[in-house]
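Numbering (this note's numbering), first residue to last: 77 to 453. Glycine residues also receive a C-beta, built at the ideal position from the N, C-alpha and C atoms. As the structure is a prediction and not an experimental result, all values here were calculated from the model. Notes for the one structure printed next.
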Amino acid sequence: MKSSKNPYENPSEMLKSTLLFFLIIGLNFQISAQNQIAKRSEKLTVKLENWYNLETGLWDTTSWWNAANILTTLINNARLKEDASYKEMVAYIFEKTKEFEVEASNDKAAWVCKNYINDYYDDEGWWALAWLDAWEYTGDQRYLDMANIIFEDITTGWSQDGGIYWKKGTELRGSISSGLTLTLATRLHLTGTKDVNGKTALNWATTIWEWMLRSNLLDSNGNILDGIRKINGHDTISENVWTYNQGVVLTGLVNLHKITGEEFYLKSAENIAEATLNHMTNKNLILVESLCEPDNCNGDAKQFKGVFMRHLMYLNQYHPKKEYEFFIRKNVESIWVLSMKLGSISPGVIWDRPSDSNAATVSSALDAFNAGISLKK
77 MKSSKNPYEN PSEMLKSTLL FFLIIGLNFQ ISAQNQIAKR SEKLTVKLEN
127 WYNLETGLWD TTSWWNAANI LTTLINNARL KEDASYKEMV AYIFEKTKEF
177 EVEASNDKAA WVCKNYINDY YDDEGWWALA WLDAWEYTGD QRYLDMANII
227 FEDITTGWSQ DGGIYWKKGT ELRGSISSGL TLTLATRLHL TGTKDVNGKT
277 ALNWATTIWE WMLRSNLLDS NGNILDGIRK INGHDTISEN VWTYNQGVVL
327 TGLVNLHKIT GEEFYLKSAE NIAEATLNHM TNKNLILVES LCEPDNCNGD
377 AKQFKGVFMR HLMYLNQYHP KKEYEFFIRK NVESIWVLSM KLGSISPGVI
427 WDRPSDSNAA TVSSALDAFN AGISLKK
């Protein structure tokens with residue numbers, strides 16, 4: 077009787093089998109790690125649910141524009157976990173918040189904001205992106221229609237000198253309002269949006285990026301400066317660098333590469349991400365809002381780091397890099413272990429120790445967790 081051949085008599089076969097074994101173990105470990113992050117993220121979603129105010133349609137402890145970011149973050153979490161249960165919540169928020177009472181100010185009587193169109197172009201941009209996410213999550217056409225309505229108003233904020241004004245009636249052309257519009261324009265182009273106020277959606281995006289470069293809003297390190305204001309007739313650049321400015325353009329630049337095939341756009345995104353990892357982290361590679369941490373971040377700034385993590389996630393999904401993955405894992409673990417004390421408390425703006433929390437800081441941390449969950453995709 078002929079004996080069976082032992083596959084391990086051949087060293088090369090044995091090596092292949094060993095490598096396959098460790099590959100399977102490694103994949104199972106990675107999937108397990110992502111499942112663990114997804115499970116831990118439930119601590120954050122539950123906390124946000126507790127802060128949700130049915131009467132206002134917003135989240136207590138934070139403001140209107142933050143709510144758009146919280147909605148985006150929850151939708152992304154649901155999509156990553158393939159959870160359809162948030163669709164009813166999305167519909168409720170849409171009906172509850174598309175008209176919003178604005179309190180009187182020193183220069184304006186009380187009024188009603190309709191279709192998310194208010195005095196701030198950046199506020200509008202956050203809501204437009206949120207409704208684009210809602211459309212992708214649910215397939216409900218009314219959300220895409222709303223994103224287009226908002227985009228049309230935002231483009232009226234284009235200055236004759238270039239750039240999108242931050243607020244209607246002011247001189248500041250903000251990097252955040254312009255960066256949001258860039259990303260919004262690319263995403264709408266991908267949905268089929270055509271001409272808006274004299275330009276195609278794609279042309280709006282490329283024009284904005286060309287203006288930002290031409291106006292020296294990127295420094296030599298790849299940091300995005302905060303904006304341009306006319307003072308005594310001269311353009312003056314605010315040199316503040318915030319994480320959300322670093323983040324919000326990444327998706328737009330990725331999309332421009334996706335649409336045009338031009339490597340310049342992807343390289344620009346990589347340079348900005350690299351600048352953030354090099355210049356806006358501490359010695360342990362934990363993301364830091366260096367202009368205000370640890371004690372001076374206002375209600376707006378507490379949202380910013382999550383915006384960067386959200387758009388870094390998009391860049392990494394499109395063009396993965398080991399350094400992005402390491403950075404994401406490092407920050408998620410630091411939030412869980414040091415900022416949340418293994419889930420026993422809510423995370424604050426500081427990601428490597430406990431600090432005061434609110435809906436903005438919790439949703440910002442959830443953006444980081446979403447990036448962690450996405451690593452399996």
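CB residue i to CB residue j, shorter than 7 Å?
{"i": "Trp-202", "j": "Ala-277", "result": "no"}
{"i": "Ile-449", "j": "Gln-110", "result": "yes"}
{"i": "Thr-138", "j": "Ala-436", "result": "yes"}
{"i": "Asp-198", "j": "Trp-140", "result": "no"}
{"i": "Asn-446", "j": "Leu-156", "result": "yes"}
{"i": "Ile-240", "j": "Glu-200", "result": "no"}
{"i": "Leu-391", "j": "Leu-451", "result": "no"}
{"i": "Val-425", "j": "Leu-124", "result": "no"}
{"i": "Thr-231", "j": "Leu-332", "result": "no"}
{"i": "Met-345", "j": "Val-324", "result": "The question names Met, yet the displayed sequence has Ala at residue 345. Cβ atoms of Ala-345 and Val-324: not closer than 7 Å."}
{"i": "Arg-305", "j": "Glu-369", "result": "no"}
{"i": "Asp-443", "j": "Arg-405", "result": "no"}
Assuming the contact rule is C-beta atoms closer than 8 Å, residue i and residue j should be a hit. Round their C-beta distance to whole Å, please.
{"i": "Phe-340", "j": "Leu-363", "result": "Actually they are not in contact, since the Cβ atoms of Phe-340 and Leu-363 sit about 26 Å apart, beyond 8 Å."}
{"i": "Gly-298", "j": "Gly-250", "result": "Contact doesn't hold; Cβ gap of about 19 Å is too wide."}
{"i": "Trp-20", "j": "Thr-257", "result": "Look at the range of the chain in this structure, 77 to 453, and you will see that residue 20 is not part of it."}
{"i": "Thr-259", "j": "Gly-337", "result": "Contact flag wrong, Cβ pair sits at about 19 Å."}
{"i": "Trp-427", "j": "Phe-380", "result": "With 8 Å as the limit, Trp-427 and Phe-380 do not qualify as a contact, their Cβ atoms being about 12 Å apart."}
{"i": "Ala-441", "j": "Pro-430", "result": "Contact doesn't hold; Cβ gap of about 12 Å is too wide."}
{"i": "Leu-55", "j": "Ile-284", "result": "The requested residue 55 is not part of the displayed model; the chain covers only 77 to 453."}
{"i": "Thr-267", "j": "Leu-205", "result": "Not confirmed; about 12 Å, so no contact."}
What three-state label does DSSP hand residue i in the structure shown?
{"i": "Val-178", "result": "strand"}
{"i": "Ile-449", "result": "helix"}
{"i": "Lys-78", "result": "Any reading at Lys-78 is ruled out, since the residue's pLDDT is 47, under 50, leaving its predicted position unreliable."}
{"i": "Asp-221", "result": "helix"}
{"i": "Asp-271", "result": "strand"}
{"i": "Ser-117", "result": "helix"}
{"i": "Asn-316", "result": "coil"}
{"i": "Tyr-192", "result": "coil"}
{"i": "Ile-240", "result": "strand"}
{"i": "Tyr-128", "result": "strand"}
{"i": "Thr-214", "result": "helix"}
{"i": "Arg-249", "result": "strand"}
{"i": "Ile-284", "result": "helix"}
{"i": "Arg-305", "result": "strand"}
{"i": "Ile-348", "result": "helix"}
Please classify residue i as buried or exposed, where buried requires at least 16 other C-beta atoms within 10 Å of its C-beta.
{"i": "Gln-322", "result": "buried"}
{"i": "Phe-105", "result": "For Phe-105, the predicted model reports a pLDDT of 48, less than 50, meaning its position is unreliable; a value from the coordinates is still stated below. Exposed, since its Cβ has fewer than 16 Cβ neighbours within 10 Å."}
{"i": "Thr-173", "result": "buried"}
{"i": "Ser-433", "result": "buried"}
{"i": "Glu-365", "result": "buried"}
{"i": "Leu-289", "result": "exposed"}
{"i": "Ile-307", "result": "exposed"}
{"i": "Leu-264", "result": "buried"}
{"i": "Lys-270", "result": "exposed"}
{"i": "Leu-130", "result": "exposed"}
{"i": "Lys-378", "result": "buried"}
{"i": "Gly-215", "result": "exposed"}
Count the C-beta pairs between the segment 413 to 420 and the segment 352 to 361 that are closer than 8 Å, then say yes if the count reaches three, no if not. no
With three or more C-beta pairs closer than 8 Å as the rule, is the segment 108 to 125 touching the segment 175 to 186? no
Examine the Cβ distances between the segment 199 to 219 and the segment 149 to 169 and report whether three or more of them are shorter than 8 Å. yes
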